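Notes follow the structure.
Residue numbers (my numbering): 6 to 294.
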């Protein structure tokens with residue numbers, strides 16, 4: 006489903022880009038330009054994530070023994086730079102319109118384009134809100150946040166259009182294009198930060214690590230979890246853990262427990278590789294009989 010949703014979003018964004026771009030050429034509306042730029046950013050984001058999803062699912066090979074999970078943050082970082090450039094262009098155009106006093110010719114084509122975009126994005130938010138899919142797919146979570154933001158910005162822009170048309174505020178269009186441009190720029194900056202964190206091997210959130218500890222302690226032979234080291238590897242995570250087991254166990258038995266825990270960790274979709282070090286639980290209270 007994530008692939009189909011990203012593809013559909015990209016195709017719809019291209020259609021919205023054409024419609025809103027035509028409205029801008031016909032009316033000179035800065036609001037239409039800002040929304041068209043956002044649609045272009047959405048199309049690029051969707052296509053980039055779609056390509057990255059495809060590459061990241063490729064099996065490991067000789068040059069990539071852990072797989073191709075870095076494809077997603079690389080694509081997202083490129084898209085983030087494009088989004089930043091688009092935000093700057095919209096900002097400069099809006100400032101120029103305000104400086105020169107050039108009022109746009111407001112027409113219903115602008116309202117129709119923005120209203121259509123809001124309605125379609127609201128449908129995408131609904132489709133991307135399946136809890137099970139959201140938990141297992143970071144790309145889908147990002148897509149949902151982006152689409153929901155577009156709905157909010159679109160509604161604000163539509164209110165600005167109506168105010169400019171019926172409230173005798175001819176420059177309101179250009180003024181409202183400024184926060185739209187700012188929103189695009191902030192979204193690009195946040196996407197860039199997230200991508201850089203993933204590429205730099207940032208540790209996962211504390212909540213994620215605490216959940217992993219609880220999962221490890223569910224193993225009947227694991228007495229304690231002494232240490233966890235985890236880092237991002239693209240859209241997955243590499244982990245190193247040290248567990249404590251009954252000191253009365255033989256070396257072979259402790260080794261088997263470590264291998265079993267490693268195998269269980271590698272079954273998780275969000276973990277690309279796991280290393281488990283086993284040590285004796287010296288000084289810990291014995292397990293209840």
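Just so you know, even glycine gets a beta-carbon here, dropped at the ideal spot from N, CA and C. Please read these numbers as outputs of a predicted model, since none were measured by experiment.
Checklist entry - Do you know offhand how far residue 86's Cα is from residue 48's? => result Taking the first residue of the chain shown as 1, we reach residue 86 at position 81. Taking the first residue of the chain shown as 1, we reach residue 48 at position 43. Near 14 Å, if we compare the C-alpha coordinates of residue 48 and residue 86.
Checklist entry - In chain order, what residues of the same chain have a beta carbon less than 6 Å from the beta carbon of residue 54, not counting five sequence neighbours either side? => result Indexing the chain shown from 1 puts residue 54 at position 49. Closer than 6 Å at the Cβ level, and outside the excluded window around residue 54, lie 11, 144.
Checklist entry - Which one or two residues does DSSP pair with residue 233 in a beta bridge? => result Position 228 of the chain shown, counting from 1, holds the residue named residue 233. DSSP lists 246 as partners of residue 233.
Checklist entry - At which residue ranges does the segment 149–173 contain complete alpha helix (DSSP H) runs of 4 or more residues, listed in the order of the chain? => result none
Next on the checklist: Rounded to whole angstroms, what is the Cα-Cα separation between residue 226 and residue 262?
Outcome noted: Your numbering for residue 226 matches position 221 in the chain shown. Your numbering for residue 262 matches position 257 in the chain shown. Our two residues, residue 226 and residue 262, have alpha carbons roughly 7 Å apart in a direct line.
Item to check | Rounded distance between the beta-carbons of residue 118 and residue 21, thought under 8 Å | outcome: Counting from 1 along the chain shown, the entry for residue 21 is found at position 16. Counting from 1 along the chain shown, the entry for residue 118 is found at position 113. Sure, about 7 Å apart at Cβ, within 8 Å.
Item to check | Cβ separation of residue 231 and residue 247, assumed to be a contact under 8 Å, to the nearest whole Å | outcome: Counted from its first residue, the chain shown places residue 231 at position 226. Counted from its first residue, the chain shown places residue 247 at position 242. Sure, about 4 Å apart at Cβ, within 8 Å.
Next on the checklist: Taking only three categories from DSSP, how would you classify residue 278?
Outcome noted: By 1-based counting over the chain shown, the position of residue 278 is 273. Correct three-state label for residue 278: strand.
Item to check | Candidates 158, 249, 131: closest to residue 149 by CA position | outcome: To locate residue 149, count along the chain shown from 1; it is residue 144. When each option's Cα is compared against that of residue 149, the closest is 131.
Next on the checklist: Applying the 10 Å Cβ sphere with the 16-neighbour rule, what's the burial state of residue 73?
Outcome noted: Working through the chain shown from its first residue, we reach residue 73 at position 68. Per the 10 Å Cβ criterion, buried.
Item to check | With 16 other Cβ atoms within 10 Å as the buried cut-off, status of residue 206 | outcome: As a first step, residue 206 is located in the chain shown; it is residue number 201 there, counting from the start. Exposed, by the Cβ-count rule.
Checklist entry - Using DSSP with H/G/I as helix, E/B as strand and the rest coil, what is residue 286? => result By 1-based counting over the chain shown, the position of residue 286 is 281. Correct three-state label for residue 286: coil.
Next on the checklist: If distances are taken between C-alpha atoms only, which option among 97, 58, 275, 128 comes closest to residue 190?
Outcome noted: Reading the chain shown from its first residue, position 185 is the one you call residue 190. Measuring from the Cα of residue 190, the nearest candidate turns out to be 97.
Item to check | For residue 241, the three-state DSSP class (helix, strand or coil) | outcome: Position 236 of the chain shown, counting from 1, holds the residue named residue 241. DSSP places residue 241 in strand when its eight states are reduced to three.
Checklist entry - At what residues does the alpha helix (DSSP H) containing residue 118 begin and finish? => result For the purposes of this step, residue 118 is identified with residue 113 of the chain shown, where counting begins at 1. Run containing residue 118: 113–132, per the alpha helix (DSSP H) assignment.
Checklist entry - Can you tell me whether residue 178 is buried or exposed, with buried defined as 16 or more other CB within 10 angstroms of its CB? => result Translated into the one-based positions of the chain shown, residue 178 becomes position 173. It is buried - the Cβ of residue 178 has at least 16 other Cβ atoms within 10 Å.
Checklist entry - Helix or strand or just coil, what does DSSP make of residue 272? => result Taking the chain shown and counting its residues from 1, the one referred to as residue 272 is at position 267. DSSP places residue 272 in the coil class of the three-state scheme, outside both helix and strand.
Next on the checklist: Quick test of your reading: residue 185 and residue 95, contact by CB under 8 Å. State the CB separation rounded to the nearest angstrom.
Outcome noted: If you number the chain shown from 1, residue 185 lands on position 180. If you number the chain shown from 1, residue 95 lands on position 90. Indeed, because the Cβ distance is near 7 Å, the residues count as touching under 8 Å.
Next on the checklist: Does the segment 58–72 come into contact with the segment 28–38, if we say contact requires no fewer than three beta-carbon pairs (one atom in each stretch) closer than 8 Å?
Outcome noted: no
Item to check | Spatial neighbours of residue 56 in its chain, beta-carbon cut-off 8 Å, leaving aside the 5 residues before and after | outcome: For this step, residue 56 is matched to residue 51 along the chain shown. The answer, listed in chain order, is 76, 80.
Checklist entry - Out of 100, 66, 166, 69, which has the shortest C-alpha to C-alpha gap to residue 120? => result Taking the first residue of the chain shown as position 1, residue 120 is located at position 115. Nearest C-alpha to residue 120: 166.
Next on the checklist: Less than 9 Å between the beta carbons of residue 91 and residue 123, yes or no?
Outcome noted: Within the chain shown, numbered from 1, the residue matching residue 91 stands at position 86. Within the chain shown, numbered from 1, the residue matching residue 123 stands at position 118. Taking 9 Å as the Cβ cut-off, residue 91 and residue 123 do not qualify as a contacting pair.
Item to check | C-beta atoms of residue 284 and residue 250 nearer than 9 Å | outcome: Against the chain shown, residue 284 aligns to sequence position 279. Against the chain shown, residue 250 aligns to sequence position 245. Yes, Cβ-Cβ distance for residue 284 and residue 250 is below 9 Å.
Item to check | Cutoff 7 Å; reference residue 256; Cβ partners in own chain excluding five residues on either side | outcome: On the chain shown, position 251 is the one that residue 256 refers to. Here the set comprises nothing.
Next on the checklist: Please return the same chain residues whose Cβ sits closer than 7 Å to the Cβ of residue 275, not counting the five positions on each side in sequence.
Outcome noted: For this step, residue 275 is matched to residue 270 along the chain shown. Answer for residue 275: 241, 242, listed in chain order.
Next on the checklist: To the nearest angstrom, how far is the alpha carbon of residue 294 from that of residue 253?
Outcome noted: In the chain shown, the residue the question calls residue 294 occupies position 289. In the chain shown, the residue the question calls residue 253 occupies position 248. Reliability fails at residue 294, whose pLDDT of 48 lies under 50, so the model's placement of it is uncertain and no value is given.
Checklist entry - Terminal residues of the continuous alpha helix (DSSP H) containing residue 227? => result Working through the chain shown from its first residue, we reach residue 227 at position 222. No alpha helix (DSSP H) holds residue 227; DSSP gives it neither H nor E.
Checklist entry - So is residue 125 buried or exposed if we call it buried at 16+ other beta carbons inside 10 Å? => result Position 120 of the chain shown, counted from the first residue, corresponds to residue 125. By the neighbour-count rule (16 or more Cβ atoms within 10 Å), residue 125 is buried.
Next on the checklist: For a test of the three-state rule: what should DSSP assign to residue 88, helix, strand or coil?
Outcome noted: Looking up residue 88 in the chain shown gives position 83. Of the three classes helix, strand and coil, the one that applies to residue 88 here is helix, per DSSP.
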